[in-house]
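In the working numbering, the protein residues as written are 15 to 326.
We put the beta carbon where it would ideally sit given N, CA and C, even for glycine.
For reference, the structure discussed in these notes is given below.
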Amino acid sequence: MDKIKAMQTFVRIVEANSFSKAAETLNLPRAALTATLQKLEAYLGTQLLQRTTRRLSLTPEGAEYFRHCIDILKAVDMAELAFRGPDAKKPRGLLRINLPNTVGRRLIMPHIAQFHAAWPDVQLQLSLTDRLVDLTQEGIDCALRVGTLQDSAFIGKQVGLMRFATCASPAYLARHGTPHTLADLATHSGIMHYSGRTGRAFDWDFLQNNEVTREVVRVQMAGPIAVNDADASVACALQGLGLAQAAMYQVRQYLDSGALVAVLADHPPTPMPISLLTPQGRLATPKLQAFAGWITALLAAQPDVQLPVHKI
């Protein structure tokens with residue numbers, strides 16, 4: 015039995031929490047993974063996983079062995095990189111990446127040929143979705159996220175800050191007036207953006223300068239329309255249905271043309287952090303390092319993305 019291959023198989027099954035998903039990401043038949051795990055358990059003389067028709071769970075022995083496997087496999091990878099020569103340190107192989115839908119389509123995909131030209135030996139598998147994917151279960155190497163990070167199971171590196179604007183159509187402002195203070199928002203309708211995961215509408219955050227710091231002020235807006243897609247929010251604003259808060263890269267063309275008008279310039283929306291996430295315990299491989307460096311430089315060149323003020 016190849017012990018390293020058996021450890022890799024066991025770790026992937028645990029991360030995916032599914033024999034089928036693990037087999038898919040390893041490009042192996044499910045029966046092969048089952049046979050490998052059975053041989054490993056027989057060799058160790060203990061049960062590692064409790065298997066039912068609905069879920070997998072680690073036994074206490076399996077949890078301890080899993081922790082050892084992570085450390086051992088990471089050490090093996092680092093040793094190989096140190097001794098296999100300069101070619102081993104060149105970015106190569108398959109890299110699975112998850113991108114937010116709109117950010118991916120607008121900011122990343124128009125430039126992806128640049129990455130391919132720089133690193134032709136890296137094969138990219140890109141998934142664009144606003145669904146909160148589980149990196150370990152779905153075999154994703156890294157994910158770009160916009161907003162405050164919640165899951166401590168991942169390592170997050172801040173690569174930028176997304177700038178936002180509060181805006182409305184000239185027709186809406188002609189009917190309802192232009193808000194000049196945050197208190198004026200009480201008489202205005204907002205196009206609400208709600209979470210597809212919780213169904214709850216997001217509050218609007220604004221930066222307010224005082225003599226010492228920039229204070230964040232949260233305003234609970236209300237309005238007749240709520241959407242869970244950023245482009246849909248902009249479409250509603252263009253039709254005069256209310257004020258909207260949207261990323262600057264989404265509305266810049268409309269602000270330049272006059273189709274939308276920015277308001278509350280003295281109270282800009284709070285920028286949102288853009289982070290690159292990787293699973294805990296995952297080695298920063300050359301291909302992952304290459305992509306992280308490339309996307310950081312790409313975002314830094316975007317006029318509507320600020321450089322990060324700190325790193326996570």
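Pairwise C-alpha distance: residue j and residue i
i	j	result
LEU113	GLY59	42 Å
VAL241	MET206	6 Å
PRO193	MET176	23 Å
VAL160	ALA261	11 Å
VAL147	VAL25	19 Å
ARG266	PRO105	35 Å
LEU196	LEU321	27 Å
THR284	PHE220	5 Å
SER247	LEU72	44 Å
GLY256	LEU163	29 Å
PRO317	LEU187	27 Å
THR274	ALA315	As written in the sequence, residue 274 is Leu, which differs from the Thr given in the question. Cα to Cα, LEU274 sits roughly 24 Å from ALA315.
LEU62	TYR79	8 Å
GLU225	THR39	Any reading at GLU225 must be qualified, since the residue scores a pLDDT of 48, below 50, and its modelled position is unreliable; the value itself is stated next. For GLU225 and THR39, the distance between alpha carbons rounds to 54 Å.
GLU75	LEU278	59 Å
GLN378	PRO134	Residue 378 is absent from the structure shown; the chain starts at 15 and stops at 326.
Cutoff 8 Å; reference residue i; Cβ partners in own chain excluding five residues on either side
i	result
ILE111	LEU138, GLN139, LEU140, SER141, ILE154, ASP155, CYS156, ALA157, LEU158, PHE305
PHE178	GLN259, ALA260, ALA261, MET262, PRO282, PRO283, THR284, PRO285, MET286
Where the beta strand (DSSP E) through residue i begins and ends
i	result
VAL265	No beta strand (DSSP E) contains VAL265, which is instead part of the alpha helix (DSSP H) from 262 to 271.
GLN128	Here GLN128 belongs to no beta strand (DSSP E); instead the alpha helix (DSSP H) covers 126 to 132.
GLU229	228 to 233
ALA236	That residue, ALA236, is in no beta strand (DSSP E); it is neither H nor E in DSSP.
LEU140	136 to 142
SER289	286 to 293
ALA36	Counting along the chain, ALA36 falls outside any beta strand (DSSP E), though it belongs to the alpha helix (DSSP H) covering 33 to 40.
Proximal residues to residue i (C-beta, below 6 Å), its chain only, five neighbours per side dropped
i	result
ALA215	MET206, TYR208, ALA240
GLU229	GLN222
GLU29	THR150
LYS301	PRO105, GLY107, LEU109, VAL136
N- and C-terminal bounds of the alpha helix (DSSP H) containing residue i
i	result
ALA200	Taken as a continuous stretch (DSSP letters only), ALA200 belongs to no alpha helix (DSSP H), as it is neither H nor E.
GLN22	17 to 30
VAL248	244 to 252
LYS3	Missing from the structure shown is residue 3; the chain here goes from 15 to 326 and no further.
LEU47	44 to 58
ARG189	184 to 190
Selected residue, minimal CA-CA separation from residue i, among the options
i	options	result
PRO386	ALA132, VAL233, ASP135, THR23	Because the chain in this structure spans residues 15 to 326, residue 386 falls outside the shown range and cannot be described.
LEU269	ALA45, GLU38, GLU78, PRO184	PRO184
PHE33	ILE309, LEU274, GLY210, ARG69	ARG69
ARG65	ASP91, ASN31, CYS83, VAL117	ASN31
ALA20	MET92, GLN52, HIS125, PRO43	GLN52
Rounded Cβ spacing between residue i and residue j (contact assumed at less than 8 Å)
i	j	result
ILE27	LEU47	6 Å
PRO293	PHE168	6 Å
LEU313	VAL173	6 Å
CYS181	ALA276	5 Å
SER271	GLY170	Wrong, their Cβ atoms sit about 36 Å apart, outside the cutoff.
GLY204	GLY237	4 Å
Own chain partners of residue i with C-beta closer than 7 Å, once the 5 adjacent residues on each side are dropped
i	result
ASN115	LEU142, THR143, ASP144
LEU199	PRO193, VAL233, MET235
GLN22	LEU87
THR310	VAL173
ASP280	none
ARG44	PHE33, SER34, ALA37
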